[in-house]
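Down below is the structure, laid out as structure tokens.
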Amino acid sequence: MKIQDIIKQRIMILDGALGTMIQDYNLEEKDFRNAALAHHKGQLKGNNDVLNITRPDLILDIHRRYLAAGADLIETNTFSSQIISQADYQLEHLSRSMALAGAKLARKAADEFSTPQWPRFVCGSVGPTNKTCSMSPDVSDAAARDITYDQLFDAYREQVSALIEGGVDAILIETIFDTLNAKAAIDATITEMQTQGVDLPIMLSMTVSDLAGRTLSGQTIEGFLASISSYPIFSVGLNCSFGADQMKPFLKELASKAPYYISAYPNAGLPNTMGQYDETAESTSPQIAQFINEGLVNIIGGCCGTDDKFIASYAALAKGKTPHVVVSKPTSLWLSGLEMLNVTPEVNFVNVGERCNVAGSKKFLRLIKEGLYDEAISIARKQVTDGALVLDINMDDGLLDAEKEMTTFLNMIAAEPDIARVPIMIDSSKWEVIMAGLKCVQGKCIVNSISLKEGEELFIEHARALKRFGAACVVMCFDEQGQATTFERRIEIAQRAYRILTQEVGMNPLDIIFDPNILAIATGIEEHDNYAHEFIRSIGWIRKNLPGTHISGGVSNLSFSFRGNNYIREAMHAVFLYHAINEGMDFGIVNPSSKITYSDIPTDELEIIEDVILNRKPNAAEALIELANKKKEEEERRKAGIASGDCSVQKQEEEEWRSLELDERLKYALRKGIGDHLDEDLHLALAHFPHAVDIIEGPLMAGMNEVGELFGAGKMFLPQVVKTARTMKQAVAILQPYIEKEKKVGATKAGKVILATVKGDVHDIGKNIVAVVMACNNYEVIDLGVMVPAEQIIKKAIEEKADIIGLSGLITPSLEEMINVAQEMEKAGLDIPIMIGGATTSQLHVALKIAPVYGGPVVWMKDASQNSLAAARLLNKSEEPAYMNELNDKYESLRASYQDKQQKLLPIEEARKNRLRLFDD
Numbered sequence: 001m002k003i004q005d006i007i008k009q010r011i012m013i014l015d016g017a018l019g020t021m022i023q024d025y026n027l028e029e030k031d032f033r034n035a036a037l038a039h040h041k042g043q044l045k046g047n048n049d050v051l052n053i054t055r056p057d058l059i060l061d062i063h064r065r066y067l068a069a070g071a072d073l074i075e076t077n078t079f080s081s082q083i084i085s086q087a088d089y090q091l092e093h094l095s096r097s098m099a100l101a102g103a104k105l106a107r108k109a110a111d112e113f114s115t116p117q118w119p120r121f122v123c124g125s126v127g128p129t130n131k132t133c134s135m136s137p138d139v140s141d142a143a144a145r146d147i148t149y150d151q152l153f154d155a156y157r158e159q160v161s162a163l164i165e166g167g168v169d170a171i172l173i174e175t176i177f178d179t180l181n182a183k184a185a186i187d188a189t190i191t192e193m194q195t196q197g198v199d200l201p202i203m204l205s206m207t208v209s210d211l212a213g214r215t216l217s218g219q220t221i222e223g224f225l226a227s228i229s230s231y232p233i234f235s236v237g238l239n240c241s242f243g244a245d246q247m248k249p250f251l252k253e254l255a256s257k258a259p260y261y262i263s264a265y266p267n268a269g270l271p272n273t274m275g276q277y278d279e280t281a282e283s284t285s286p287q288i289a290q291f292i293n294e295g296l297v298n299i300i301g302g303c304c305g306t307d308d309k310f311i312a313s314y315a316a317l318a319k320g321k322t323p324h325v326v327v328s329k330p331t332s333l334w335l336s337g338l339e340m341l342n343v344t345p346e347v348n349f350v351n352v353g354e355r356c357n358v359a360g361s362k363k364f365l366r367l368i369k370e371g372l373y374d375e376a377i378s379i380a381r382k383q384v385t386d387g388a389l390v391l392d393i394n395m396d397d398g399l400l401d402a403e404k405e406m407t408t409f410l411n412m413i414a415a416e417p418d419i420a421r422v423p424i425m426i427d428s429s430k431w432e433v434i435m436a437g438l439k440c441v442q443g444k445c446i447v448n449s450i451s452l453k454e455g456e457e458l459f460i461e462h463a464r465a466l467k468r469f470g471a472a473c474v475v476m477c478f479d480e481q482g483q484a485t486t487f488e489r490r491i492e493i494a495q496r497a498y499r500i501l502t503q504e505v506g507m508n509p510l511d512i513i514f515d516p517n518i519l520a521i522a523t524g525i526e527e528h529d530n531y532a533h534e535f536i537r538s539i540g541w542i543r544k545n546l547p548g549t550h551i552s553g554g555v556s557n558l559s560f561s562f563r564g565n566n567y568i569r570e571a572m573h574a575v576f577l578y579h580a581i582n583e584g585m586d587f588g589i590v591n592p593s594s595k596i597t598y599s600d601i602p603t604d605e606l607e608i609i610e611d612v613i614l615n616r617k618p619n620a621a622e623a624l625i626e627l628a629n630k631k632k633e634e635e636e637r638r639k640a641g642i643a644s645g646d647c648s649v650q651k652q653e654e655e656e657w658r659s660l661e662l663d664e665r666l667k668y669a670l671r672k673g674i675g676d677h678l679d680e681d682l683h684l685a686l687a688h689f690p691h692a693v694d695i696i697e698g699p700l701m702a703g704m705n706e707v708g709e710l711f712g713a714g715k716m717f718l719p720q721v722v723k724t725a726r727t728m729k730q731a732v733a734i735l736q737p738y739i740e741k742e743k744k745v746g747a748t749k750a751g752k753v754i755l756a757t758v759k760g761d762v763h764d765i766g767k768n769i770v771a772v773v774m775a776c777n778n779y780e781v782i783d784l785g786v787m788v789p790a791e792q793i794i795k796k797a798i799e800e801k802a803d804i805i806g807l808s809g810l811i812t813p814s815l816e817e818m819i820n821v822a823q824e825m826e827k828a829g830l831d832i833p834i835m836i837g838g839a840t841t842s843q844l845h846v847a848l849k850i851a852p853v854y855g856g857p858v859v860w861m862k863d864a865s866q867n868s869l870a871a872a873r874l875l876n877k878s879e880e881p882a883y884m885n886e887l888n889d890k891y892e893s894l895r896a897s898y899q900d901k902q903q904k905l906l907p908i909e910e911a912r913k914n915r916l917r918l919f920d921d
């Protein structure tokens, strides 16, 4: 028979305290020593676990007394039998021996008392250690920790290994005051059981440290339950801290919410001023009777101050009584920080705060780079104050030690209860950063993200790792073929991932959050127009056909084309979310301080925006651009003090541009994307310029340069940039016959460009826009696609005799791969110019990491509009040397500035030596 069989039939009796019983034997120092420990320095008295080795007779006697009193379950005397606790006694080398001996002693006693009608069981006792993973030991350094998750895991695994070898029937992880410590113990237990091929019940018992019902590390009971909700837990309970009377309200809460068997083993009341317990078996029994009679428990026992008399009393009270009826498993996703977030249908939508993301907030990036963590924490606090229900943390930047920064920041906000109360989303493209984050969070967090982009084997490996830490996860709709952009591809990938996660990994569907990819719309590229509508369609299918799952996405991606116009962006988000939430989208990475709601948008504007979101009209994007321009101009007039209804400035500008000088008219036409007068103005220009190609390299390129500057400053939107590129193409087409007639060398094609999203990255939207702009500027573009390895890029460049190579990447690992591509090109003896682009790239990263490893030109491209300008200079023999000198000077300046800044930052140990001293130390 197993514990699982007995507990369904009746209330089971757990033994009482070991320490109390040991004290009754009036032991001396010599009892804690044997021949091997005779010359051990330091006092060993009080280290009760060593008695498993030095006085096994005594421990065996205690077990027998509890079994004789009626205990069904006895605990091993191994509460501190691991290297962390034993380090205080310099007995780390004996910790496993103590655990093994303790398990064997309990096993022997249980077997002596077991009969077929009344089997007795052994619970391997695993204490919390004397250190905490979630709190700092230094009031002046919130990020400091006495112990790491990995150290705890290793210590617990060694202990559990010995307990299993010694023959225990269950693992009891008890007196939990820090859930992160408990998660390490659960992880170690599951890992070791898998190694040894056994499957034992995992029993948990938390301890409430105050009358607010929180653990020492600050978690509520609900928060604790959410933290463990993804693990295969057998029972959950309360022990220590309080006597039965003070424990009861917390036990009632636990029993009403926990979908597990319930245990309780309270102290014999609260200790008196001398540290002794005044409650007796007689005075405690009426309170225990309430636990039993009210159906609150499946297991009842005693903790500090109790002995075999208490247990005999409890056994008599429980005889013939009905055990607690376990509540149903949750049908909603439980997440937690210090408190639970229950994602029920009533919650409707979980807004994930997006500003603690170095890739999305320049301010947050600057604060982290400069080590101004207090100010960075204030951003997190504002996100929660503004209504974020989950906090997204992302440290992916090429010039940050993302693993270190993630650990530091998560440790610091753990000390901020107003922030730490909400669940965390650990957001990174680097697996080691995700793992570092998981080892810092005691609550149940979300990992963003995993995907099938590198195949099923790695996907399964990552998913199983997340199960180890009890985390929910975002699953991106990527696979080996790349990013899903259509309805069909989205549901194909989601269905495949769901099958693998639920059937092969054994993940709870409630812990799966699909991100079917929110992509930029109204970009000026026709195939992008249906992205939002297809995303919304996929939501309904996934929620209907993949039960239990959730839907999320990065909402700001949708309106990327209109950066710089906050009104349009927020209005687009509001409309998109209105339709997406109605279909079942229940998570989203958003700015919680957004002010515009769906109902705030005027009817005429709403129609325009919905036309774009739902792709209802062919020219919807142009109407939205017009609206965006109108809003931008209204804002500028408002700032300038001009009455909002006065359109005279705009009309005057429209009338006057035709009277500008010819060069300025061409630049204006290009900037505005106006092709109506191009034919007329270009033929006039042919009379003023010696060669047709000079018009392209003169006013038209000047116009494109201005476009790049405006876009970089947020004063133009992406679809406008694409429109100007097409206007440029129109101009080139008009001039082409004259260029060919002049037979000017190189005029037909500006150059051959190879574009590739580097290995490990499946994002290609930005690269595709670059391809359009470059092609419109008369470059021959060869697009190699996504996930392209360095050797393929180099091979193609040599075959095609490429003039330029463009490398794209959105995620931080792409930066490392770009360095690799540059190094491999250097080894291949190439000096083809490299253009670097993508959301995570920066000029500083190029200066520090890429340019130094490659002999040819390396240019960072801020946005798509600038590629053709840079290419023109790189491929112009008279222009290229000066451009290279500019780049080299800029890179040298950036490197020098960076090194100077690093030298000014002292190591933390040195900085602490220079602290302000108000008193003599």
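The sequence shown lines up with residues 1 to 921 when you count with UniProt numbering. Don't be surprised by glycine CBs; every beta carbon is placed ideally from N, CA and C.
Contacting residues, own chain, Cβ-Cβ under 6 Å from A436 (five flanking each side not counted):
E403, M406, T407
Measuring only the C-alpha atoms, how far is W541 from P232?
30 Å
Check for me: the beta strand (DSSP E) holding E354 runs from which residue to which?
Careful: E354 lies outside any beta strand (DSSP E) and carries neither H nor E.
On the DSSP bridge list, what partners appear for A170?
According to DSSP, which records beta bridges pairwise, A170 is partnered with C123.
Label P128 either buried or exposed according to how many other C-beta atoms from any shown protein chain fall within 10 Å of its C-beta, with 16 as the threshold for buried.
buried
CA-CA distance, S114 and P56?
20 Å
Length of the line joining the Cα atoms of I828 and I794:
The amino acid occupying residue 828 in the given sequence is Ala; Ile does not appear at that position. Rounded to whole angstroms, A828 to I794 spans 8 Å at the Cα level.
Segment contact flag, the stretch 833-845 with the stretch 806-815, C-beta cutoff 8 Å, min 3 pairs
yes
Which residues share a DSSP beta bridge with R214?
T220
For T20, is the classification buried or exposed, using 16 other Cβ atoms within 10 angstroms of its Cβ as the cut-off for buried?
T20 is buried by the Cβ-count criterion.
Beta strand (DSSP E) containing W431: first to last residue?
Unbroken run through W431 is the alpha helix (DSSP H), 431-438; no beta strand (DSSP E).
Nearest-angstrom Cα distance between E92 and D307?
29 Å
Suppose the cutoff is 8 Å on Cβ atoms and the five residues either side in sequence are ignored; what does the same chain contact list for M340 look like?
T220, E222, G223, L225, A226, W334
Cβ pair count under 8 Å reaching 3, the stretch 268-287 against the stretch 203-218
no
Unbroken alpha helix (DSSP H) run spanning V447, endpoints
Premise fails: V447 lies in the beta strand (DSSP E), 446-450, not in any alpha helix (DSSP H).
Using CA atoms only, rank isn't needed, just tell me which of K862, S80, P857, A864 is closest to R873.
P857
I59 versus I53 - alpha carbon distance
10 Å
Backbone secondary structure at N394 - three-state DSSP:
strand
Would H39 be called buried (16 or more neighbouring beta carbons within 10 Å of its own) or exposed?
exposed
Which residues share a DSSP beta bridge with V590?
G353
Contacting residues, own chain, Cβ-Cβ under 6 Å from I589 (five flanking each side not counted)
V352, E354, D392, G554
In angstroms, rounded to a whole number, what distance separates the CA positions of G124 and V168?
6 Å
On the DSSP bridge assignment, give the partners of K752 in chain order.
E780
Spell out the partners DSSP gives M476 in its beta bridges.
D515
Can you give the Cα-Cα distance for R537 and I613, rounded to whole angstroms?
Rounded to the nearest whole angstrom, the CA to CA distance from R537 to I613 is 12 Å.
Please return the same chain residues whose Cβ sits closer than 8 Å to the Cβ of S594, not counting the five positions on each side in sequence.
E570, H573, A574
Assuming A494 and P516 make a contact with CB atoms under 8 Å, what is their CB distance in whole Å?
7 Å
Do F478 and L452 count as a contact pair if the criterion is CB distance below 8 Å?
Going by C-beta atoms, L452 is nearer than 8 Å to F478.
Would you kindly report the start and end of the unbroken alpha helix (DSSP H) that includes E75?
Per DSSP, E75 lies in no alpha helix (DSSP H) segment; the continuous beta strand (DSSP E) that holds it begins and ends at 73-75.
Which residues does DSSP list as the beta-bridge partners of W334?
For W334, DSSP records a beta bridge to N342.
Residue burial classification, M1 (beta-carbon count within 10 angstroms, cutoff 16)
exposed
What does the Cβ neighbour count give for D418, buried or exposed, with the cut at 16 atoms within 10 Å?
exposed
Pick helix, strand or coil for Q823, following the three-state DSSP scheme.
helix
Cut-off 7 Å between Cβ atoms - residues of its own chain near V358, not counting five sequence neighbours on either side:
Excluding positions up to five away in sequence, the list reads F364, L365, I368, N394, M395, D396, D397, L400.
Measuring only the C-alpha atoms, how far is Q246 from G269?
8 Å
Close-in-space but distant-in-sequence residues of the same chain around S285 (CB under 7 Å, 5 per side omitted):
S313, L317
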